[in-house]
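Going by numbering that gives the first Met the number 0, the letters in the sequence shown line up with residues 0 to 315, in that order.
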Amino acid sequence: MRALVTGAAGFVGSTLVDRLLELGHHVVGVDAFTPYYGEQRKRDNLAEASAHPNFGLVEGDLCEIELGRVLDGADVVFHQAAQPGVRLSWSQGFEQYVHDNVVATQRLLEFVKDSSVERVVYASSSSVYGNAAAYPTTEDTLPAPHSPYGVTKLAAEHLCGLYAANYGVPTVSLRYFTVYGPRQRPDMATHRLVSAALTGTSFPLYGDGSHLRDFTFVDDIVDANIAAATADVPPGTVCNAAGGGEVSMADLIALVGELAGREVAIERLPEQPGDVKRTGGTIERAARLLSWSPKTPLEKGLRAQVDWHAAESPTP
Ligand code: NAD
0 MRALVTGAAG FVGSTLVDRL LELGHHVVGV DAFTPYYGEQ RKRDNLAEAS AHPNFGLVEG
60 DLCEIELGRV LDGADVVFHQ AAQPGVRLSW SQGFEQYVHD NVVATQRLLE FVKDSSVERV
120 VYASSSSVYG NAAAYPTTED TLPAPHSPYG VTKLAAEHLC GLYAANYGVP TVSLRYFTVY
180 GPRQRPDMAT HRLVSAALTG TSFPLYGDGS HLRDFTFVDD IVDANIAAAT ADVPPGTVCN
240 AAGGGEVSMA DLIALVGELA GREVAIERLP EQPGDVKRTG GTIERAARLL SWSPKTPLEK
300 GLRAQVDWHA AESPTP
């Protein structure tokens with residue numbers, strides 16, 4: 000396969016790039032190296048791929064680059080690029096989210112519409128559900144985002160749906176539930192928690208620790224993308240990509256403490272606007288349509304993340 004991976008230097012994108020290269024595919028990556036977190040970390044993510052003969056990198060903004068040329072010859076687009084994170088999406092921050100998440104996706108779909116691309120896999124998010132009416136949440140639940148970030152992820156998912164319905168663009172949207180593992184973004188809770196555990200600093204905990212999250216290991220998310228690339232499903236398909244269970248922040252803190260061999264000191268902070276109380280997704284549809292299910296138990300995935308932190312001592 001000839002794959003185009005947007006957001007190729009990011010946490011999920013770079014892990015996907017490495018796997019596609021391992022499987023013998025040709026990969027073009029696109030990334031704007033946005034300043035949300037350190038550019039060097041993103042360059043490090045691509046260090047191995049950059050030395051691979053089947054990999055090419057286009058540095059630039061999806062809203063500006065020559066997409067016709069970049070898409071030429073691509074069979075599958077894995078659209079991972081976005082401005083992530085809930086907290087900065089309020090106030091003046093929103094404009095960047097609209098640019099990177101909505102405008103960029105619309106422009107990409109316009110070019111895909113006139114190309115020979117056979118599948119677009121879009122990295123959607125559990126944030127489209129907000130505080131859902133029922134758990135574990137099914138894909139048919141009416142989305143009701145609880146943050147401006149979630150609104151932009153849902154808008155882009157709807158764009159995938161409407162380019163599918165109007166033009167037959169073969170999109171599949173995967174709603175990722177809290178992804179963790181090696182290379183995780185430094186703003187994410189598990190990253191901050193593991194860093195705190197390894198360095199003996201305190202972990203700022205928003206809320207009382209009762210929040211529930213459905214954690215999904217990054218390799219399982221990569222598997223879901225690869226399954227979605229070739230599955231025989233109609234354009235506009237939407238599937239949850241969840242870890243298969245819910246864990247409270249308090250239990251996560253205890254587990255990371257055990258794995259790191261040190262109890263984590265907590266700095267209690269108020270709940271943040273935009274944070275939902277609970278996430279949890281059904282995985283039956285992905286199993287049925289994509290023959291995908293998550294394989295990595297939380298403890299095993301966290302062990303891999305702890306080992307990565309310990310080996311890298313990455314700088315924020
Ligand atoms: P990340 O920030 O590590 O990676 C995103 C990459 O996209 C970055 O390298 C950034 O430079 C690039 N980018 C942003 N805007 C761009 C633009 N306009 N043009 C080109 N490149 C651009 O984020 P991540 O955690 O790897 O997330 C990957 C995708 O998965 C995102 O779409 C995110 O919304 C989605 N997602 C992630 C999670 C999670 O838990 N990590 C959960 C749900 C959904």
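Note that beta-carbon positions come from the ideal geometry of N, C-alpha and C, so glycine has one too.
Along the alpha helix (DSSP H) that carries residue i, what are the first and last residues, could you check?
{"i": "Phe110", "result": "103-112"}
{"i": "Leu45", "result": "That residue, Leu45, is in no alpha helix (DSSP H); it is neither H nor E in DSSP."}
{"i": "Glu283", "result": "283-289"}
{"i": "Leu301", "result": "297-311"}
{"i": "Glu21", "result": "10-21"}
{"i": "Leu141", "result": "Leu141 -> no alpha helix (DSSP H), and no H or E assigned at all."}
{"i": "Arg68", "result": "66-70"}
What residue does the beta strand (DSSP E) around residue i start on, and which one ends it?
{"i": "Ile265", "result": "265-268"}
So what does residue i bridge to, in DSSP terms?
{"i": "Asn239", "result": "Arg174"}
{"i": "Val76", "result": "Leu3, Val119"}
{"i": "Leu161", "result": "Leu161 is not bridged to any residue."}
{"i": "Gly28", "result": "Val4, Leu56"}
{"i": "Ser247", "result": "Leu211"}
{"i": "Ser90", "result": "Answer by DSSP bridge pairing: none, since Ser90 is not bridged."}
{"i": "Ser124", "result": "Tyr175"}
{"i": "Thr136", "result": "Gly280"}
Any heavy atom of the ligand NAD closer than 7 Å to the beta-carbon of residue i?
{"i": "Phe10", "result": "yes"}
{"i": "Gly6", "result": "yes"}
{"i": "Cys62", "result": "yes"}
{"i": "Val16", "result": "no"}
{"i": "Phe32", "result": "yes"}
{"i": "Gln79", "result": "yes"}
{"i": "Gln82", "result": "yes"}
{"i": "Thr177", "result": "yes"}
{"i": "Arg184", "result": "yes"}
{"i": "Val29", "result": "yes"}
{"i": "Ala48", "result": "no"}
{"i": "Lys41", "result": "yes"}
{"i": "Asp99", "result": "yes"}
{"i": "Lys152", "result": "yes"}
{"i": "Ser172", "result": "no"}
{"i": "Ser124", "result": "yes"}
{"i": "Tyr128", "result": "no"}
{"i": "Tyr205", "result": "no"}
{"i": "Tyr35", "result": "yes"}
Is any heavy atom of the ligand NAP found at a distance shorter than 7 Å from the C-beta of residue i?
{"i": "Ala103", "result": "For the structure depicted, the ligand NAP is absent and the ligand set comprises only the ligand NAD."}
Which ranges does the beta strand (DSSP E) cover as unbroken runs of at least 3 residues, wholly within the segment 184-221, from first to last along the chain? 202-205
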